[in-house]
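Chemist:
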Amino acid sequence: MLRKISQIRKNRKKVLGLNERYLEYIRPNNLKKAVAIADDKILTKKILSKANIPVPKKIGVIRSADELEKYNFEELPISFVLKPVHGVRGGGVEIFYNRDKNGQWIKADGSRHDVDDIKIHCRDIIDGKYSLNNEPDTILIEERVRPHKIFRYHTFKGTPDVRIIVFNKIPVMGMLRLPTKKSGGKANLDQGAIGAGIDMAVGKTTHAISGKAGYIDLIPEYRIPVSGLRIPFWDRILRYSIEASIVTELGFATIDFLIDKDLGPLIVELNARPGLSIQLANDSGLRWRLKKASGIKVKTTEKGIRLAKDLFGGEIEEEIEALSGKDVIGIYETIKLFGAENKEYEYKAKIDTGADSTSIDKNIAIELGYKEIIDIFDNLNIPENLSREEGIILMKKYADELVPKYEKLADVNLIHSSHGTSLRPYINIELQIDNTRFETKATIFDRSKLNYPVIVGRKSLTKFLVDPSK
Amino acid sequence: MKILFEILAERGLSAYEILLLQKSFTLLITLTIVTTISGFFRYIVGLKSLNLYSPIILTFAFFELGYIDLYEGSDFLRGIKFGLFLFFIVFITSTLIYGSLKKIGMHYIPKITIVITCVVLTIILAIILTTLAFNKTGLVYLDIFSIIMITTLADSIVSTLARKTFKYTFTVSMQTLLTALLSYALISIDKVQEIIIDYFFIIIFIILILNLYIGKFIGLRVTEFLRFKDLLLVETSKNAKKNITDPKKQEKSTGA
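From first to last, the protein sequence lines are chains C and F.
Heads up, the first sequence is in my numbering, so the first residue is 5 and it goes up one at a time.
Heads up, the second sequence is in my numbering, so the first residue is 83 and it goes up one at a time.
Written out as structure tokens, the structure is:
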């Protein structure tokens with residue numbers, strides 16, 4: 005029990021609540037003027053298009069009951085979307101997919117609606133049924149976005165959307181919302197849609213929640229895993245979300261995208277009051293991410309994208325680490341070597357899975373206290389390019405002769421390379437890569453003319469997975 | 083505060099007038115207490131209400147329904163009994179009527195008017211029925227303004243129903259009721275009323291301080307601890323990672 009409480013106290017620092025969201029983030033970062041843009045879908049569209057950020061195409065606007073009577077619905081395309089301009093939480097949004105022979109439009113749930121039905125819905129919108137504080141509202145009619153093929157097996161009817169929270173010009177968290185049968189084709193978590201967290205580094209889905217029901221692994225309709233889905237155009241999504249936050253001057257906002265199969269990501273909505281369920285979908289708190297992102301000067305969009313990937317990506321990697329028990333490391337790592345009395349030395353190293361064993365530069369070996377061994381080997385005057393047979397004879401000879409004599413010499417071994425075979429001393433060193441410290445054998449070699457003073461080879465990498473893209 | 087009343091008495095105010103004044107002053111202060119409780123429930127506990135005014139309206143309706151007269155004071159249970167009775171009449175009638183009106187496409191305000199008309203009719207019927215059938219006259223003596231106040235809650239309920247699900251509306255209405263009941267219970271305690279009169283200005287000061295605190299409160303709400311319990315109860319990922327990558331521990335585990 006006590007452990008649980010201390011756990012909660014520790015984790016509490018990572019999670020963002022409604023009180024803090026408003027007082028610490030929305031109020032100081034979103035000026036009234038900026039919020040007014042986000043709350044008005046027509047204005048949002050105008051400002052974003054002006055900045056060359058793609059949005060779904062506008063078909064029409066109905067501002068009053070008069071305009072509604074005059075509006076010619078017969079001219080609408082077979083598929084379109086109807087929205088209240090000041091709508092909240094997706095209320096009042098209707099998507100029409102097709103039109104049948106009788107001229108009735110078909111919705112995602114298969115129901116058919118004629119012009120009169122649509123007009124009644126329009127009247128509700130104009131009367132303010134779906135707007136904040138029930139104020140009279142305007143109707144926006146948009147082209148319907150045709151969902152990208154990649155989501156075909158992940159969604160039930162509707163169109164999935166990608167939601168990015170941007171703070172201080174850095175995308176801090178993302179969520180993919182997938183419509184389900186329960187949500188009636190709508191990408192709304194309250195109505196039972198699936199929310200999947202996104203690894204910001206690669207744009208792949210990680211954890212997922214189903215509405216308010218909690219964590220899920222499989223999509224109920226298709227029984228396929230939610231995680232591991234790669235969101236197309238990820239870099240463009242990050243770029244547009246930063247640009248949108250810059251042109252609207254929203255310091256803290258969610259940017260909602262739909263991904264069209266031809267046009268790519270389109271911004272459908274901005275929200276100056278980011279929802280908090282995204283934390284559950286990502287199985288991660290927003291608070292620590294916002295704290296990390298605040299105070300950084302982001303001068304270019306590129307820097308914002310890079311920061312998002314570096315600071316908030318890597319959940320998938322951590323998951324692999326947890327599953328395999330191995331650290332994921334890149335090709336170039338800064339490593340630590342330990343000399344006498346545990347003294348630390350830091351070097352740049354190349355992680356080389358093509359090399360059999362680790363090799364370190366002569367000068368490093370001297371610093372670490374292996375001068376004696378190097379001198380002995382230098383005095384032996386072993387020719388550089390041996391044949392295999394000669395090498396084996398020499399190796400056996402010195403292994404028997406020297407290894408028992410010198411404590412610091414672990415072994416002698418033959419190294420075969422394109423230059424021929426050479427005999428090298430092996431020493432035991434203590435090596436640390438990415439917080440893991442271990443003992444390994446290394447050869448000494450004059451690497452002063454090479455780029456990296458240390459090469460870490462296969463024999464020293466049994467505890468790691470190497471990711472060349474890192 | 084006592085001194086003020088003594089001065090007023092010297093200036094020729096009768097005992098009855100002073101009692102009246104004391105009652106109005108208490109009620110005025112109670113208003114700030116109820117809004118403080120509302121704020122506490124919203125920002126620290128995390129209970130939502132239909133809107134800002136509904137718990138306040140409901141609390142005072144309870145209070146007035148329980149109030150008999152200046153000399154007899156109030157009856158706590160009477161307030162609860164009639165208050166709950168009226169509240170549920172309003173809630174059930176408005177959800178039922180709204181549900182049946184939903185299918186007919188209608189403008190919003192006429193729709194609300196029809197709902198309110200039906201609520202009013204139900205209340206009138208209830209009064210007639212209880213007096214005729216059960217010979218109870220309790221409802222006859224009820225304060226009419228309290229009844230009107232509770233009836234106006236129909237608008238809050240219907241506008242919530244229009245935008246959200248029934249489940250949400252029900253939960254939020256129950257939370258409104260809970261907030262109102264607790265506020266009513268607090269202000270009904272005689273001792274509390276005495277304290278209000280005795281320490282009038284100190285109470286105002288405390289209320290201001292409390293609201294400054296609630297107004298600046300950025301911690302998680304009680305309901306958020308429940309909402310994010312999955313996030314709050316996970317082992318810190320750093321520890322989990324340490325266990326795996328600590329070579330000595332790993333060797334031990336593989337050795338065993």
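A virtual CB, placed ideally from N, CA and C, is assigned to each residue, including glycine.
Given a cut-off of 8 Å on the beta-carbon distance, is the pair residue 123 (chain F) and residue 261 (chain F) in contact?
Modeler: yes
Chemist: If you draw a straight line from the alpha carbon of residue 250 (chain C) to that of residue 8 (chain C), how long is it in whole angstroms?
Modeler: 42 Å
Chemist: Where do the ends of the alpha helix (DSSP H) carrying residue 404 (chain C) lie?
Modeler: Note, residue 404 (chain C): alpha helix (DSSP H), 392-406.
Chemist: Nearest chain C C-beta to residue 121 (chain F) closer than 8 Å, yes or no?
Modeler: no
Chemist: State the DSSP-derived secondary structure class of residue 206 (chain C), mapped to helix, strand or coil.
Modeler: coil
Chemist: Between which two residues does the beta strand (DSSP E) carrying residue 127 (chain F) extend?
Modeler: Run containing residue 127 (chain F): none; DSSP gives neither H nor E here.
Chemist: At 8 Å on the CB atoms, spell out the chain F contacts of residue 341 (chain C), in chain order.
Modeler: Taking a Cβ-Cβ threshold of 8 Å, none of the residues of chain F is close to residue 341 (chain C); the smallest such distance is about 16 Å.
Chemist: Can you check whether the CB of residue 368 (chain C) is closer than 8 Å to the CB of residue 355 (chain C)?
Modeler: no
Chemist: Assuming residue 14 (chain C) is part of the alpha helix (DSSP H), what are its boundary residues?
Modeler: Membership of residue 14 (chain C) in the alpha helix (DSSP H) is indicated by the continuous run 6-16.
Chemist: Below 8 Å between beta carbons is the criterion; list the residues of the stretch 24-51 of chain C that meet it against any residue of chain F, in chain order.
Modeler: 24, 27, 28
Chemist: For residue 151 (chain F), would you say it is in contact with chain C, using Cβ-to-Cβ distances shorter than 8 Å as the test?
Modeler: Judged by the 8 Å Cβ criterion, residue 151 (chain F) is not in contact with chain C.
Chemist: Tell me which same chain residues have a C-beta within less than 6 Å of the C-beta of residue 451 (chain C), skipping the five on either side of it?
Modeler: 365, 457
Chemist: For residue 100 (chain C), write down the residues that DSSP places opposite it in a beta bridge.
Modeler: C:84, C:111
Chemist: Strictly below 8 Å CB to CB, what residues from chain C border residue 241 (chain F)?
Modeler: 138
Chemist: Any Cβ of chain F within less than 8 Å of the Cβ of residue 99 (chain C)?
Modeler: no
Chemist: Return yes when the Cβ of residue 122 (chain C) is within less than 8 Å of the Cβ of residue 77 (chain C), no when it is not.
Modeler: yes
Chemist: Tell me the DSSP secondary structure of residue 293 (chain C) in three-state form.
Modeler: helix
Chemist: Give the range of the alpha helix (DSSP H) segment to which residue 444 (chain C) is assigned.
Modeler: No alpha helix (DSSP H) holds residue 444 (chain C); the beta strand (DSSP E) holding it covers 440-449.
Chemist: Can you tell me where the beta strand (DSSP E) with residue 436 (chain C) in it begins and where it stops?
Modeler: 424-437
Chemist: Find out if the Cβ-Cβ distance for the pair residue 210 (chain C), residue 286 (chain C) is shorter than 8 Å.
Modeler: A contact, by the Cβ cut-off of 8 Å.
Chemist: The beta strand (DSSP E) with residue 363 (chain C) in it runs from where to where?
Modeler: 362-365
Chemist: List the residues of chain C whose Cβ lies closer than 9 Å to the Cβ of residue 93 (chain F), in chain order.
Modeler: Ordered by position in chain C, no residue passes the 9 Å Cβ test against residue 93 (chain F), which lies about 47 Å from the chain.
Chemist: Apply the 10 Å Cβ neighbour rule to residue 94 (chain F) and answer buried if 16 or more other Cβ atoms are within range, or exposed otherwise.
Modeler: exposed
Chemist: In whole angstroms, what is the alpha-carbon distance linking residue 418 (chain C) and residue 390 (chain C)?
Modeler: 10 Å
Chemist: For residue 1 (chain C), tell me which candidate among C:431, C:239, C:400 has the shortest Cα-Cα distance.
Modeler: Outside the displayed span of chain C (5 to 474) sits residue 1 (chain C), for which this structure offers no information.
Chemist: Please report the distance separating the alpha-carbon of residue 197 (chain F) from that of residue 88 (chain F).
Modeler: 50 Å
Chemist: For chain C, check one thing: does any of its Cβ atoms lie closer than 8 Å to the Cβ of residue 181 (chain F)?
Modeler: no
Chemist: Flag this pair as yes or no: are the beta carbons of residue 163 (chain C) and residue 294 (chain C) separated by less than 8 Å?
Modeler: no
Chemist: Going by other Cβ atoms of all chains shown within 10 Å of its Cβ, with 16 needed for buried, is residue 177 (chain F) buried or exposed?
Modeler: buried
Chemist: Which value, in whole angstroms, describes the spacing of the CA atoms of residue 134 (chain C) and residue 285 (chain F)?
Modeler: 41 Å
Chemist: In whole angstroms, give me the CA-to-CA distance for residue 128 (chain F) and residue 283 (chain C).
Modeler: 18 Å
Chemist: Return no unless some Cβ of chain F is closer than 8 Å to the Cβ of residue 3 (chain C).
Modeler: The question about residue 3 (chain C) has no answer here: the residues shown for chain C are numbered 5 through 474.
Chemist: Within a Cβ cutoff of 6 Å, which residues of the same chain sit near residue 225 (chain C), ignoring the five residues on either side of it in sequence?
Modeler: 160, 185
Chemist: Listed from N- to C-terminal order along the chain, which residues in the stretch 151-176 of chain F have their beta-carbon within a distance smaller than 7 Å of any beta-carbon of chain C?
Modeler: none
Chemist: With a threshold of 8 Å between beta-carbons, can residue 338 (chain F) be considered close to chain C, or not?
Modeler: The predicted model places residue 338 (chain F) with a pLDDT of 34, which falls under 50 and marks its position as unreliable, so this point remains unresolved.
Chemist: Can you pull the chain F neighbours of residue 12 (chain C), defined as C-beta to C-beta under 8 Å?
Modeler: 307, 314, 315
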